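Taking my numbering, the leading residue of the sequence shown gets 14, the next gets one more, and so forth.
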Amino acid sequence: MKHLLLLASLLFLFAGCSSKEYYEPEDTVGDYNSTKSTALSGSITYINKDGATLDSQNIITKRGVSNFKIPEGYKFLNIVEDTVIASNYKDTVLVGDKEIKVNSVVVAATVNNNKLALLFSDNSIMLYDMNTEKTLLKEYYTHSFVNDTRIANPYFMSNIILFPTLDGKIIVVSDSTNKVVRNIVVDPNGQFNNIIFLDVVDDTLVAATGNKVISVGQGVLNLKDYNIRDIITKDKNIYIATIDGQIIKTDISLNIIDRRKYKFAKFYSLAFGESLYALESQGFLIKISKDFKTDTIYDFDFDNEEKVIAIGDTIYYNDEAITLK
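Here you go:
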């Protein structure tokens with residue numbers, strides 16, 4: 014009897030595994046050929062929303078692959094104009110060539126003039142004056158034990174500073190008084206609810222967690238629920254890839270303009286060349302026309318066990334970078 018129960022359990026387990034379904038396009042046009050492909054100087058070891066670090070200590074940013082290396086033990090966080098910011102994920106942040114001891118783990122940062130805005134792994138935020146070496150602001154928020162690795166960096170916006178937190182909020186700080194003036198709650202309840210995306214489009218704040226997207230502009234707050242695989246902005250539009258295989262185009266008020274559905278698709282990232290591209294886990298690259306009426310599906314060979322990142326019009330994967338048409 015015990016053997017029969019074991020056999021039944023195994024059959025049920027294998028039936029469950031075999032029923033897992035994957036995206037299978039009806040047809041592809043063959044391999045994607047780019048006019049610009051370059052080899053990476055190493056493998057990607059760490060990624061965030063704004064870039065990546067290679068095992069060679071070269072970095073990937075919105076400007077491409079660096080021809081310089083950051084010091085051993087540091088991982089890339091952000092680049093502001095010509096200043097690279099990195100963290101040793103222990104107690105120090107690197108801003109340009111200056112090491113600043115902060116005695117805690119920095120997971121996101123940005124800089125403007127002499128002001129350094131920091132987010133720590135314990136979900137505290139800090140504003141630091143690099144000239145006087147003094148702390149201008151330090152605030153603590155609810156500790157978050159589980160986070161998406163795509164942690165958004167703080168953002169200087171005219172006369173305010175936006176601090177994305179690990180518990181689904183955006184803390185608005187006055188740049189003149191160095192004091193908190195407002196908290197914007199994006200996602201208070203999600204399991205992975207750190208802010209994974211933050212941008213300002215046409216004076217409108219756009220932010221997202223893995224579960225929600227928010228836009229705030231001209232005194233109007235818009236909030237939509239999506240299970241997000243990736244999100245990017247281009248011109249005045251927002252593009253969202255969801256866990257259930259949708260690619261959605263909205264305006265900055267989150268009104269849906271167009272959408273397409275790809276059954277069982279699992280998207281890794283979105284990129285924008287002359288058109289929108291979506292990288293799918295089974296080795297496909299989907300090119301969607303600007304009017305969302307048509308698509309072209311390419312074979313795209315990559316190791317989905319390795320880290321992949323898309324920035325702007327370029328996909329970085331395996332050991333190369335492919336710039337999209």
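Note that the Cβ used here is the ideal one computed from N, Cα and C, for glycine as well. As the structure is a computational prediction, the values presented were derived from the model and not from experiment.
Local conformation of residue i per DSSP, three classes
i           : result
residue 143 : coil
residue 242 : strand
residue 209 : coil
residue 230 : strand
residue 194 : strand
residue 89  : strand
residue 106 : strand
residue 54  : coil
residue 300 : strand
residue 61  : strand
residue 66  : strand
residue 184 : strand
residue 311 : strand
C-alpha distance - residue i paired with residue j, whole-angstrom precision
i           : j           : result
residue 330 : residue 221 : 24 angstroms
residue 71  : residue 39  : 40 angstroms
residue 339 : residue 241 : The displayed coordinates of the chain run from 14 to 338. Any statement about residue 339 would go beyond what the structure contains.
residue 179 : residue 215 : 26 angstroms
residue 67  : residue 80  : 12 angstroms
residue 138 : residue 274 : 39 angstroms
residue 165 : residue 61  : 8 angstroms
residue 257 : residue 33  : 14 angstroms
residue 76  : residue 52  : 16 angstroms
residue 191 : residue 185 : 10 angstroms
residue 210 : residue 74  : 16 angstroms
residue 234 : residue 267 : 10 angstroms
residue 130 : residue 107 : 13 angstroms
residue 154 : residue 181 : 10 angstroms
residue 146 : residue 123 : 16 angstroms
residue 100 : residue 82  : 14 angstroms
residue 168 : residue 307 : 36 angstroms
residue 69  : residue 208 : 29 angstroms
residue 333 : residue 50  : 7 angstroms
residue 27  : residue 140 : Residue placement at residue 27 is poorly supported in this model, since its pLDDT is 46, which falls under 50; the coordinates are not used for a value here.
residue 238 : residue 144 : 42 angstroms
residue 279 : residue 311 : 15 angstroms
residue 37  : residue 78  : 33 angstroms
residue 405 : residue 148 : One cannot answer for residue 405 here, as it falls past the ends of the chain, which runs 14 to 338.
residue 187 : residue 174 : 6 angstroms
residue 202 : residue 42  : 43 angstroms
residue 271 : residue 305 : 6 angstroms
Own chain, CB closer than 6 angstroms to residue i, minus 5 neighbours either side, in chain order
i           : result
residue 35  : 277 and 295
residue 317 : 294
residue 320 : 57 and 60
residue 87  : 99, 101 and 107
residue 283 : 243, 245, 252, 254 and 291
Top-ranked residue by Cα proximity to residue i, from the options
i           : options               : result
residue 264 : 244, 257, 275 and 108 : 244
residue 337 : 304, 299 and 305      : 299
residue 200 : 317, 157 and 170      : 157
residue 226 : 99, 248, 173 and 253  : 253
residue 206 : 163, 146, 188 and 60  : 163
residue 326 : 291, 166 and 309      : 291
residue 248 : 232, 212 and 307      : 212
residue 314 : 44, 33 and 192        : 44
residue 127 : 134, 218 and 113      : 113
residue 133 : 191, 195, 177 and 286 : 177
residue 117 : 108, 130, 102 and 107 : 102
residue 303 : 297, 310, 288 and 197 : 288
residue 91  : 85, 63 and 110        : 63
residue 84  : 78, 110 and 94        : 110
residue 285 : 125, 183, 246 and 95  : 246
residue 172 : 198, 194 and 151      : 194
residue 96  : 323, 301 and 125      : 125
residue 160 : 42, 121, 41 and 229   : 121
For residue i, the residue or residues it bridges with in DSSP
i           : result
residue 247 : 250
residue 132 : 121 and 138
residue 285 : 289
residue 13  : This structure leaves residue 13 out entirely; the chain is present only between 14 and 338.
residue 152 : 138
Nonlocal neighbours in the same chain, by C-beta distance under 7 angstroms from residue i, ignoring five residues either side
i           : result
residue 269 : 261 and 263
residue 236 : 225 and 227
residue 104 : 114, 115, 116 and 117
residue 189 : 172
Beta-carbon contacts of residue i that lie in its chain and below 8 angstroms, excluding the five residues immediately before and after
i           : result
residue 47  : 335, 336, 337 and 338
residue 196 : 182, 183, 184 and 185
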